[in-house]
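The numbering of the sequence shown is my numbering, which starts it at -3 and goes up by one. Glycine included, C-beta positions come from ideal geometry on N, C-alpha and C. Computed from a predicted structure; not experimentally measured.
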Amino acid sequence: MSEITVYDIERKAKELYGNKKPYITLEEWTKKQVELFNSTEGKLHLKDGYSCPYCKNKGVISKIGADGAEVHYYCRCMKIRKSLYEAQNSGLKAVLSSFTFKNFITDAPWQKNIKDTAVAFCKDENAKWFFIGGQPGSGKTHICTAISAFYLKQGFQVKYMNWCEDSKRLKGVINDFLLYEKEFSLFKKAQVLYIDDFLKTKGGEEPTKGDINLAFELINHRLMNSGYITIISSEKSLRELGAFDEGTMSRIYQCTGQYKITIGADKRKNFRIVH
Ligand SMILES: [Zn+2]
């Protein structure tokens, strides 16, 4: 049985009324419905902070389908919103809106250098590895979050890894092969991975053999896949991290190229103690 389309109905209307239009045609009516829908403002941006000019924050766009009827389809911003939603549920929530490039303080030349390097990294399509090392309070989380937000808004899937907590969780399930692989692959295979406080341990002691192995497995997997983007922050410099695993750190050193920064241990550089 063939479906009745708006054209069938319109033909019937023409038979009945000739060229005198008693009402607006179905085609005109549908067009008006589509226009009305597309001009209506939605509210999704109030939830996730992302403003979309295409769907006016409804997440859905209306158009006239092949059969002449109105059809709705998901706007491209829904993919971005999904990434934002995931990021907001994975440790980045509190900082996504406040830790932006715009809000990054660049009073001192070393701060300007951090921002310029990060912005250049985002603009460079061939750049896949970013590293920033240095003392707490020097803006590492801020700049890495701003980079993450940049990729989120480009529609990339961004995963946040708090090394201290997530490495402990992974090591806890290492004997359950399937669970370990499932959990670990979320970090290994993320389009963009932001590793916060790389190789940091809870008590501040040196990383164990287990930590080093985990770091090697993760970094090695991501190095093998040239499309992945990896953003790393650490309280240590790459040279200091090299004392734990020289091979892995020298590969990060090479891959980051011009996009690595180490902030010197200077108390005046600490955001938290400057008033
Ligand atoms: Zn949209």
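- Relative to ligand 1, the beta carbon of Y13 is positioned no closer than 7 Å to any heavy atom.
- Counting along the chain, the unbroken alpha helix (DSSP H) around L40 starts and ends at 40 to 44.
- Take the alpha-carbon of G45 and the one of D172: they are about 39 Å apart.
- Y147 has its Cβ no nearer than 7 Å to any heavy atom of ligand 1.
- In summary, P203 is buried, with 16 or more beta-carbon neighbours lying within 10 Å of its beta-carbon over all protein chains present.
- Taking 8 Å as the cut-off, the beta carbon of I257 is found closer than this to the beta carbon of I128.
- F240 has its alpha-carbon roughly 7 Å from the corresponding atom of I208.
- Each residue's CA atom was taken as its position, placing R218 and S93 some 28 Å apart.
- Here DSSP, grouped into helix, strand and coil, assigns D192 to strand.
- H68 has S58 as its beta-bridge partners, per DSSP.
- If you ignore the 5 residues before and after L22, its C-beta comes within less than 6 Å of the C-beta of V2, I5, E6, all in its own chain and listed in chain order.
- With the criterion CB distance below 5 Å from any heavy atom of ligand 1, the matching residues run C48, Y50, C51, C71, C73 along the chain.
- Within the stretch 78 to 138, the complete alpha helix (DSSP H) segments at least 4 residues long are 89 to 92, 105 to 119, listed from N- to C-terminus.
- Nearest to Q187 by C-alpha distance, out of S181, Q153, K205, is Q153.
- I225: not part of any alpha helix (DSSP H); member of the beta strand (DSSP E) spanning 225 to 230, first to last residue.
- Here Y190 is buried. Its C-beta has 16 or more other C-beta atoms within 10 Å.
- Between I259 and S144, the gap from beta carbon to beta carbon reaches 8 Å or more.
- Taking the C-beta atoms as reference points, I76 is found no nearer than 8 Å to G135.
- The residues L148, G151, F152, Q153, V154, in chain order, have a CB closer than 8 Å to that of S79 in the same chain once the five nearest residues on each side in sequence are set aside.
- Bounds of the beta strand (DSSP E) holding N158 are 154 to 158.
- Counting only the Cα atoms, T141 lies some 7 Å from L88.
- When K232, G223, T137, W125 are compared, the shortest CA-CA separation from E201 is found for K232.
- For a cut-off of 8 Å, the C-beta gap from I139 to A116 is around 12 Å, too long to register as a contact.
- When secondary structure is reduced to three states using DSSP, I257 falls in the strand class.
- Within the stretch 162 to 186, the runs of alpha helix (DSSP H) that reach at least 4 residues and sit entirely inside it are, in chain order, 173 to 184.
- Per DSSP, reduced to three states, the secondary structure at I5 is helical.
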